[in-house]
Amino acid sequence: FFQNLLLDPETAVLKLCDFGSAKILVRNESNVSYICSHVWSSGCVLAELLMGQPIFPGESGVDQLVEIIKVLGTPSREQIQQMNPNYTDFKFPQIKAHPWT
(Lines of atoms letter the chains of each structure in order from A and count residues from 1; the text may use other names and numbers.)
(Lines give C-alpha, C1' and ligand atoms only; values in the text may rest on other atoms or scores of the structure.)
Protein backbone atom coordinates (compact mmCIF):
# COMPACT_ATOMS: atom_id res chain seq x y z
CA PHE A 1 0.00 0.00 0.00
CA PHE A 2 2.76 2.47 0.91
CA GLN A 3 5.45 1.20 -1.44
CA ASN A 4 6.14 4.72 -2.77
CA LEU A 5 6.77 6.32 0.63
CA LEU A 6 10.17 6.36 2.29
CA LEU A 7 10.26 7.31 5.97
CA ASP A 8 13.42 7.83 8.00
CA PRO A 9 12.40 6.75 11.53
CA GLU A 10 15.25 8.70 13.14
CA THR A 11 14.53 12.07 11.49
CA ALA A 12 10.85 11.56 10.55
CA VAL A 13 11.69 12.74 7.03
CA LEU A 14 9.13 11.47 4.53
CA LYS A 15 10.06 11.13 0.85
CA LEU A 16 7.87 10.15 -2.07
CA CYS A 17 9.36 7.92 -4.73
CA ASP A 18 8.19 6.20 -7.87
CA PHE A 19 11.09 5.15 -9.98
CA GLY A 20 8.80 3.41 -12.48
CA SER A 21 8.04 6.81 -13.99
CA ALA A 22 11.46 8.37 -13.42
CA LYS A 23 12.70 10.78 -16.05
CA ILE A 24 16.09 12.26 -16.77
CA LEU A 25 15.87 16.05 -16.58
CA VAL A 26 17.36 17.71 -19.65
CA ARG A 27 18.59 21.31 -19.50
CA ASN A 28 16.35 23.73 -21.47
CA GLU A 29 13.61 21.10 -21.81
CA SER A 30 10.22 21.69 -20.20
CA ASN A 31 9.48 19.42 -17.24
CA VAL A 32 6.53 21.27 -15.73
CA SER A 33 3.88 18.55 -16.10
CA TYR A 34 6.25 15.89 -14.81
CA ILE A 35 7.15 17.90 -11.71
CA CYS A 36 3.56 19.03 -11.09
CA SER A 37 2.38 15.44 -10.66
CA HIS A 38 4.86 14.98 -7.81
CA VAL A 39 3.76 18.23 -6.15
CA TRP A 40 0.12 17.08 -6.48
CA SER A 41 1.00 13.67 -5.00
CA SER A 42 2.85 15.28 -2.10
CA GLY A 43 -0.15 17.47 -1.33
CA CYS A 44 -2.52 14.50 -1.43
CA VAL A 45 -0.29 12.45 0.88
CA LEU A 46 0.05 15.37 3.30
CA ALA A 47 -3.73 15.90 3.35
CA GLU A 48 -4.32 12.20 3.98
CA LEU A 49 -1.78 12.16 6.81
CA LEU A 50 -3.48 15.17 8.42
CA MET A 51 -7.02 13.85 7.89
CA GLY A 52 -6.28 10.20 8.63
CA GLN A 53 -8.31 9.09 5.62
CA PRO A 54 -8.14 9.25 1.81
CA ILE A 55 -8.76 12.75 0.49
CA PHE A 56 -10.19 11.49 -2.82
CA PRO A 57 -11.62 8.02 -2.07
CA GLY A 58 -12.77 5.93 -4.97
CA GLU A 59 -12.92 2.40 -6.32
CA SER A 60 -11.42 3.42 -9.67
CA GLY A 61 -9.60 6.23 -11.43
CA VAL A 62 -12.93 7.60 -12.66
CA ASP A 63 -14.33 7.59 -9.10
CA GLN A 64 -11.29 9.51 -7.90
CA LEU A 65 -11.60 12.00 -10.77
CA VAL A 66 -15.21 12.71 -9.76
CA GLU A 67 -14.08 13.22 -6.14
CA ILE A 68 -11.41 15.69 -7.31
CA ILE A 69 -13.98 17.55 -9.43
CA LYS A 70 -16.26 17.78 -6.36
CA VAL A 71 -13.49 19.77 -4.64
CA LEU A 72 -11.87 21.71 -7.48
CA GLY A 73 -14.86 22.06 -9.78
CA THR A 74 -15.28 20.94 -13.37
CA PRO A 75 -12.32 21.82 -15.60
CA SER A 76 -13.12 24.17 -18.47
CA ARG A 77 -12.80 23.08 -22.10
CA GLU A 78 -9.64 25.18 -22.31
CA GLN A 79 -8.11 23.44 -19.30
CA ILE A 80 -8.95 20.01 -20.73
CA GLN A 81 -7.44 20.97 -24.09
CA GLN A 82 -4.25 22.08 -22.31
CA MET A 83 -4.10 18.75 -20.46
CA ASN A 84 -4.78 16.64 -23.56
CA PRO A 85 -5.26 18.33 -26.96
CA ASN A 86 -6.55 15.04 -28.44
CA TYR A 87 -9.41 14.68 -25.96
CA THR A 88 -12.75 15.69 -27.48
CA ASP A 89 -15.33 13.75 -25.43
CA PHE A 90 -16.25 16.39 -22.83
CA LYS A 91 -18.56 14.50 -20.45
CA PHE A 92 -17.62 15.64 -16.96
CA PRO A 93 -20.08 16.33 -14.15
CA GLN A 94 -20.75 20.08 -14.01
CA ILE A 95 -19.81 20.98 -10.44
CA LYS A 96 -18.65 24.32 -9.05
CA ALA A 97 -15.47 24.45 -6.97
CA HIS A 98 -15.64 24.83 -3.19
CA PRO A 99 -15.30 28.54 -2.30
CA TRP A 100 -12.13 27.83 -0.28
CA THR A 101 -10.17 26.36 -3.22
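Residue numbering for the sequence shown follows this note's numbering, beginning at 1 and increasing consecutively. Don't be surprised by glycine CBs; every beta carbon is placed ideally from N, CA and C.
Measuring only the C-alpha atoms, how far is residue i from residue j?
i: T74; j: D63; result: 14 Å
i: F92; j: V13; result: 38 Å
i: V66; j: L49; result: 21 Å
i: I55; j: I24; result: 30 Å
i: E78; j: P9; result: 44 Å
i: W40; j: P85; result: 21 Å
i: Q82; j: L72; result: 17 Å
i: K70; j: A47; result: 16 Å
i: M51; j: D18; result: 23 Å
i: K58; j: A97; result: Per the sequence shown, residue 58 should be read as Gly rather than Lys. The straight-line gap from Cα to Cα measures roughly 19 Å.
i: L7; j: D89; result: 41 Å
What would DSSP say about residue i, mapped onto helix, strand or coil?
i: V45; result: helix
i: V26; result: coil
i: K91; result: coil
i: D8; result: strand
i: K15; result: strand
i: E59; result: coil
i: Q81; result: helix
i: K70; result: helix
i: Q3; result: coil
Would residue i pass as a contact of residue j if the rule is Cβ separation under 8 Å?
i: L16; j: N4; result: yes
Report the CB separation of residue i from residue j in whole angstroms; it is logged as a contact under 8 Å.
i: I80; j: Y87; result: 6 Å
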